[in-house]
Amino acid sequence: MLEEPVTPAGKLKIIEINRDGINAYKAKSFREAVRIFDRAQKLYPKSLQLNLNLVQSLIQALQQVSDRQRLRTMLARAREALHLLRDMEPSHAKYRKYQRLGMEVDMLYQQLAEGQYSLEG
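Quick note on our numbering: the sequence shown kicks off at 23 and runs consecutively.
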């Protein structure tokens, strides 16, 4: 799997963006982390780390949302990011994280569909 970017300048940019997103995540500013990772993922759609970090941030940001349609949109965005990584080799170091996040998103989707997801906003 190609992990964008491939140029040295692009690699430095992705490191900077990833660091900013991680800092927002660590500060529990999950919506800000989503915004950062989402913008970056649009620039580097095949970046494994950005996609995984986007999904992880979306999962955390869901806890701050009370609107069912917004929840569906965020879960769909998480699935989209995971779908971009579908060709990841099982031997890849991040494969277990990819699987875990995928299962978590699927579980949240199921809970929302069955009306079991708690909307605490």
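Just so it is clear, CB atoms sit at the ideal spot from N, CA and C, and this is done for glycine as well.
In the DSSP assignment, ARG99 falls within the alpha helix (DSSP H) that extends over 90 to 105. For MET125, the enclosing alpha helix (DSSP H) starts and ends at 117 to 135.
Within 10 angstroms of the beta-carbon of MET129 lie fewer than 16 other beta-carbons, which makes it exposed. CA-to-CA, the gap between GLU111 and TYR120 works out to about 11 Å.
In this structure, VAL127 sits near ILE81, with a CB-CB distance shorter than 8 Å.
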